[in-house]
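Chains as they are written, first to last, in this note's numbering: chain A, 3 to 600; chain B, 4 to 353.
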């Protein structure tokens, strides 16, 4: 007991994923040291950054010689384990693991180790070598590293309790916890997300959500039209529809996209989806294998990042400036990916009134982005929900207008009409469209007939162009209110002035962290979305997204005034302590408000 | 260990839907004259605190369980409509399930007192004292209970004395590891365990985002237990202790992400240990003058000392919360138990 812990060895075993009781056994067998699991646990907390865990099986099941420890194979095994635990990998870990996995997959091999021969690859035995390593024989048969009790967690707890009771299995309130797919482990309760639940209370000025101002619609007129629709065409509206979507609506959609220069599409090229969110899901499903690269602007739409993450894509952000995506940055990202042997599946871009950055890709750059992607053979996914909501000018032509083969165009009625119908669409070249239809049928059979026919009726019987015009004026007034209030109350921050859409992207004064400031904002009755939500890799804490679509101008001014007091109080605190808060910096899926929060 | 005896026979009448029938609300219904089946309860949930989300989930759970026991339960947010609603509908009992400021600090209970409608839980004055962690700890000590040593440091103090100086003396003289938490609030929001001195500043900033006062408490190793207390006609009784085993720490995610935590209900304790922690929880409930129900979170150290971390006036009642788990472990049907709590509240002021 009196002997000092061998710090280097214990740290390494912890890093290899061993739990306290397994380390105790290792020290007893190999080092002749007797310690308690509690001592290991205390050592871990005091001297390492390794998270607590209770694995009894070593992640790297060999005693690796010091000269072999820096191997990429060893790092890949550790990263493989971290990923399996649902932890986030660093860029370097991910790249290395990606490379190793591709090598192994290509040759159907797994990693093994011998102190004399070092790291080698051997053929994977079907059904036996299921991970990326071949377990040593001893571990397969005798499993000497496993303690006797089947419940290591309970054993550790019982030991901590002074061995008062026999170890028995505890209850997990979710009996399926160990059954989830790897990709579900990032879906976790987040205190940041919980804070948004106050956003719908009238006392709170929410600058967080992206809900359009539905009160601006002529609801009585729409109500009459819907009544007529069900009375006259109910038998069709309430029946299953086609997987590709209602033909009449697809024709109407072409009238809408013609406003943004897409005049070379055919109704057959259109697939109707349940919001353009489903289009994103379908496109990612048919194109992306785990580990494939998707390029997206920095920052990018949080809902798209969630989809990419759920298909285990690797997102690489491309810088943008006041004119949108920077073509040179795009080209160097593509060159870099090619040099690293990665497969880039598509560029995801929001060219108009970007969410969250608020900027628009200039016409000149649209041509350059198209040229670059054509040259590298990379598909463009053009997501355009806000294109018709410009304040000061007519819309620029969509990229799809110039390239029918290399661009998948995503559109939506959610921002220009009403998100409650959940109707969006994708315009795709014929072969891609075939796959999209099959993929969509396999997930939803068909988009809602009732919703589609409602939209068709609206487009036929209501002045939808006039409605968009009135939305543009309404949102322009709100944008002006927000920019005016920011200039007045928050001069220490910087922001862009969007000429359309819903959002202002605000950079906080030096040293402030938008996530750690959010509880204070809730206390002050104002809400926003921290910038980290819009990055794949945890950047963005120095930004926040403010939306001006839902609150009235008066409420916007009040909200910004409150926000200013939050920022000032937080700046005081940061000055006082010389640091912002330490939050768990795993990027999460759910650090943004639910869609029904204003 | 005893479990509460039923306060009245349970009744298996069918679930009553969550609507107030028009006209019904206007008929006066003095609680004493009414049959058990028509008990009407308004569950208060939501509010504007950091724990709104948890509160809404607690409220829905309790209302559902009450309906299953034949109680007419509706959920209402704490907003500008509330007083008018209570005045119009005059429920027999109000059950405030609000976590965080307003709900637990006693202020809402002051107003409930003024409405004259009986409510579940502790009165305003005792709530106020229990809600403030340093005050509650003083009272626990006075009652002869153990609670980890602590310091209470307001943000202004750091401004007046210089942050670095204060942090240094805390790290060097008070010593690490410590747990930094807001003096008020729950659900582990703003709570950080600090093992090394250079992480102290960040923990303070995180804590001060939730409130102006920080509690710095010595971190205690041992078995994490939660002991719920419910009052019966014979006085407060403890439900079986629930033991919490979690990788990493019982943080917000662990509390509400079903599956990450392993619960032992009842906890893996010897009979002596179980009795001891039950006694401690009842003593804490009494020391703080709590009413109807409470939950005491404590750590049982290897030497057998039970260190009380905090006592909750409005314990969480969500599907992953500890009080309902303890009740189930004690063999209670939640619907009947909640109904008994409501009936006890209705009687207490009639």
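In this text, a Cβ means the ideal position worked out from N, Cα and C, and glycines have one as well.
What do you get for residue 2/A, buried or exposed, if any count of 16 or more other CB atoms within 10 angstroms of its CB means buried?
-> The requested residue 2/A does not occur in the structure, where chain A is confined to residues 3 to 600.
Partners in chain B for residue 536/A, counting only beta-carbon separations shorter than 8 Å | Taking the first chain and counting its residues from 1, the one referred to as residue 536/A is at position 534. Neighbours of residue 536/A on chain B: none; closest Cβ ~21 Å, over 8 Å.
Same chain only: Cβ atoms within 8 Å of residue 219/A, ignoring 5 sequence neighbours per side = Within the first chain, numbered from 1, the residue matching residue 219/A stands at position 217. 419, 420, 469, listed in sequence order.
The alpha helix (DSSP H) spanning residue 606/A covers which residue range?
-> Since the first residue of chain A shown is 3 and the last is 600, residue 606/A is not available in this structure.
Looking at C-beta atoms only, is the number of pairs between the segment 558-565 of chain A and the segment 210-228 of chain A that lie closer than 8 Å three or more?
-> no
Could you check the C-alpha separation between residue 18/B and residue 280/A for me, to the nearest Å?
-> Within the second chain, the letter at position 15 stands for residue 18/B. Within the first chain, the letter at position 278 stands for residue 280/A. With a pLDDT of only 36 at residue 18/B, under the threshold of 50, the placement of this residue in the model should not be trusted; the figure read from the coordinates follows. Taking the straight line joining both Cα atoms gives about 38 Å.
Which ranges would you report for the alpha helix (DSSP H) in the segment 311-392 of chain A if only whole runs of at least 4 residues count?
-> 329-341, 365-378
Between the segment 62-75 of chain B and the segment 85-92 of chain B, do at least 3 Cβ pairs fall closer than 8 Å?
-> no
Residue 498/A to residue 557/A, Cα distance in whole Å?
-> Your numbering for residue 498/A matches position 496 in the first chain. Your numbering for residue 557/A matches position 555 in the first chain. Cα to Cα, residue 498/A sits roughly 20 Å from residue 557/A.
heavy atom of the ligand MG below 7 Å from residue 421/A C-beta | Ligands in the displayed structure: none, and consequently the ligand MG is not present.
Could you tell me whether the Cβ of residue 109/B comes closer than 8 Å to any Cβ of chain A?
-> Locating residue 109/B in the second chain gives position 106, counting from the first residue. No, because no Cβ of chain A sits closer than 8 Å to the Cβ of residue 109/B.
What does a CB cutoff of less than 7 Å around residue 555/A pick up in its chain, not counting 5 residues either side in sequence?
-> Here the question's residue 555/A lines up with position 553 in the first chain. These residues qualify, in order along the chain: 479, 480, 483.
Would a check of beta-carbon distances place residue 13/A closer than 8 Å to chain B?
-> The residue given as residue 13/A occupies position 11 in the first chain. By this cut-off, residue 13/A is not an interface position.
Spatial neighbours of residue 121/A within its chain, please: CB distance less than 8 Å, with the 5 preceding and 5 following residues excluded, ordered by chain position.
-> Stepping through the first chain from its first residue, residue 121/A is reached at position 119. Cβ within range, chain order: 70, 73, 75, 76, 113, 114, 115.
Does any C-beta atom of chain B lie closer than 8 Å to the C-beta of residue 10/A?
-> Here residue 10/A corresponds to residue number 8 of the first chain, with the count starting at 1. Output row for residue 10/A: interface = no.
Rounded separation between residue 581/A and residue 179/B - CA only = The residue you call residue 581/A lines up with position 579 of the first chain. The residue you call residue 179/B lines up with position 176 of the second chain. Distance between the alpha carbons of residue 581/A and residue 179/B: 20 Å.
What does residue 199/A touch in chain B if you count any residue whose Cβ is under 8 Å from its own?
-> Position 197 of the first chain, counted from the start, is the residue given in the question as residue 199/A. Within chain B, the residues near residue 199/A are 55, 56, 59.
Where does residue 140/B land, buried or exposed, given buried means 16+ other C-beta within 10 angstroms?
-> The count along the second chain starts at 1 and reaches residue 140/B at position 137. Buried: at least 16 other Cβ atoms inside 10 Å.
Give the interface partners of residue 85/A over in chain B, defined as CB-CB distance under 9 Å, in chain order.
-> Working through the first chain from its first residue, we reach residue 85/A at position 83. Near residue 85/A there are no residues of chain B at all, since even the closest Cβ is about 16 Å away, more than 9 Å.
Can the beta-carbon of residue 410/A be found closer than 8 Å to that of residue 381/A?
-> What you label residue 410/A is simply residue 408 of the first chain in a count that begins at 1. What you label residue 381/A is simply residue 379 of the first chain in a count that begins at 1. Closer than 8 Å, so yes.
Entirely within the segment 265-291 of chain B and at least 4 residues each: give me those alpha helix (DSSP H) ranges in chain order.
-> 274-290
Environment of residue 295/A [buried if 16+ CB atoms lie within 10 Å] | In the first chain, the residue the question calls residue 295/A occupies position 293. It is buried - the Cβ of residue 295/A has at least 16 other Cβ atoms within 10 Å.
Other residues of its chain near residue 601/A: CB distance less than 7 Å, five sequence neighbours each side excluded | Outside the displayed span of chain A (3 to 600) sits residue 601/A, for which this structure offers no information.
In angstroms, rounded to a whole number, what distance separates the CA positions of residue 45/B and residue 341/B?
-> Reading the second chain from its first residue, position 42 is the one you call residue 45/B. Reading the second chain from its first residue, position 338 is the one you call residue 341/B. Approximately 13 Å between the Cα atoms of the pair.
My understanding is that residue 231/A touches residue 455/A, with C-beta atoms under 8 Å, so please give their C-beta distance in whole angstroms.
-> For this step, residue 231/A is matched to residue 229 along the first chain. For this step, residue 455/A is matched to residue 453 along the first chain. Indeed they touch by this definition, with Cβ atoms about 6 Å apart.
Shortest alpha-carbon distance to residue 176/A belongs to which of 194/B, 154/B, 264/B?
-> Translated into positions along the first chain, residue 176/A becomes position 174. Nearest option by C-alpha distance: 264/B.
Per DSSP, what kind of secondary structure is residue 328/B in: helix, strand or coil?
-> Within the second chain, numbered from 1, the residue matching residue 328/B stands at position 325. DSSP places residue 328/B in helix when its eight states are reduced to three.
In its own chain, which residues sit with a C-beta less than 8 Å from the C-beta of residue 134/A, not counting the 5 before and 5 after it?
-> Position 132 of the first chain holds residue 134/A. Excluding sequence neighbours, residue 134/A sits near 78, 79, 82, 102, 103, 106, 112, 113.
How far does the alpha helix (DSSP H) with residue 274/A in it reach, from first residue to last?
-> To locate residue 274/A, count along the first chain from 1; it is residue 272. That residue, residue 274/A, is in no alpha helix (DSSP H); its beta strand (DSSP E) goes 272-276.
Nearest chain A C-beta to residue 207/B closer than 8 Å, yes or no?
-> Residue 207/B sits at position 204 when you count from the first residue of the second chain. It does; some Cβ of chain A falls within 8 Å.
Ranges of the beta strand (DSSP E) found wholly within the segment 392-474 of chain A, counting only runs of at least 3 | 409-414, 425-429
Residue range of the beta strand (DSSP E) that includes residue 546/A | As a working note, residue 546/A is residue 544 in the first chain. From DSSP, the beta strand (DSSP E) with residue 546/A extends over 545-549.
Backbone CA spacing between residue 212/B and residue 390/A [nearest angstrom] = For the purposes of this step, residue 212/B is identified with residue 209 of the second chain, where counting begins at 1. For the purposes of this step, residue 390/A is identified with residue 388 of the first chain, where counting begins at 1. Rounded to the nearest angstrom, the two C-alpha atoms are 40 Å apart.
Contact set between residue 576/A and chain B, taken where Cβ atoms lie within less than 9 Å = Residue numbering aside, residue 576/A sits at position 574 when the first chain is read from its first letter. Residues of chain B passing the Cβ test: 208.
Residues of chain B with CB under 7 Å from residue 524/A, in chain order?
-> On the first chain, position 522 is the one that residue 524/A refers to. The contacting residues are 53.
Throw me the rounded Cβ distance for the residue 101/B and residue 47/B pair, which I believe falls under 8 Å.
-> As a first step, residue 101/B must be located in the second chain, where it is residue number 98. As a first step, residue 47/B must be located in the second chain, where it is residue number 44. 6 Å between Cβ atoms; contact.
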